[in-house]
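Colleague: Start counting the sequence shown at 1; every next residue gets the next number (the UniProt record's numbering). Quick reminder that beta carbons are idealized off the backbone N, C-alpha and C, glycines included. Before I ask anything, let me first share the structure, which is written out below as C-alpha cells.
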Amino acid sequence: AFTNIERIVSILSMLVGSVIFGVVIGGVAEAAAQLDAIAERARSRLDIVKAALRERGVNKALIQRIMSYYKFYLTECSDVATERKILAELCPPLRTEVLMFLNARIVESIGFFRGQDSSFV
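Here is the structure:
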C-alpha cells in the first residue's frame with residue numbers, strides 16, 4: 001500500500017473480514033452448543049430410565065435391551081415424533097395441505113391417486 005487511501009481500504013477490508021469470520025465462528029459455536037444441549041438431555045433421560053429400572057430390580061440384560069431401544073429411539077425416531085406433534089397442532093385443512101406437499105411424490109407415483117383432488121386422497 002503506497003497511499004493513505006490504499007492503507008485505509010486495506011484496514012477496512014481486514015476489519016470486515018474479521019467481523020465476518022467472528023460471526024461465522026459464533027454461529028458454528030452456537031450450533032455446537034445446541035447439539036450438545038440436546039445430547040445432554042438425551043443422556044439425562046437415559047440415566048433416569050436406567051436408575052428407575054435398577055431401583056425396580058430389573059435384570060441387567062433387560063436393562064441393556066431397554067437402553068439400546070431408548071438410544072435408537074432418541075437418535076432415529078425423535079424427529080418423527082416431533083413432526084407428529086407439529087402436525088397434530090395444525091387445523092385439519094392445513095394439516096392436509098402440509099401432508100399432501102410432503103408426500104406429493106408418493107401420492108403421484110400411485111396410479112390410483114394420480115391427478116385426484118387432495119380431498120379424495
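Start and end of the alpha helix (DSSP H) containing Phe-72?
Modeller: 60 to 72 is the span of the alpha helix (DSSP H), which, as asked, contains Phe-72.
Colleague: For Leu-53, which residues in the same chain have their Cβ closer than 8 Å to its Cβ, ignoring the five residues on either side in sequence?
Modeller: Closer than 8 Å at the Cβ level, and outside the excluded window around Leu-53, lie Leu-62, Ile-63 and Ile-66.
Colleague: Please report how far the alpha carbon of Arg-7 lies from the alpha carbon of Leu-15, in whole angstroms.
Modeller: Answer to the nearest angstrom: the Cα atoms are 12 Å apart.
Colleague: Check for me: the alpha helix (DSSP H) holding Gly-17 runs from which residue to which?
Modeller: That run of the alpha helix (DSSP H) goes 4 to 55.
Colleague: Sorted by chain position, which residues of the same chain lie with C-beta nearer than 7 Å to Arg-56's C-beta, five sequence neighbours on each side aside?
Modeller: Contacts found: none.
Colleague: Within the continuous alpha helix (DSSP H) that includes Phe-112, where are the two ends?
Modeller: No alpha helix (DSSP H) contains Phe-112, which DSSP labels as neither H nor E.
Colleague: Pick from Leu-35, Tyr-73, Glu-30 and Ile-20: whose alpha carbon is nearest that of Leu-46?
Modeller: Looking at the Cα atoms, Tyr-73 is the closest of the given residues.
Colleague: Just reading off the alpha helix (DSSP H) that Thr-96 is part of, what are its end residues?
Modeller: Start and end: 92 to 102.
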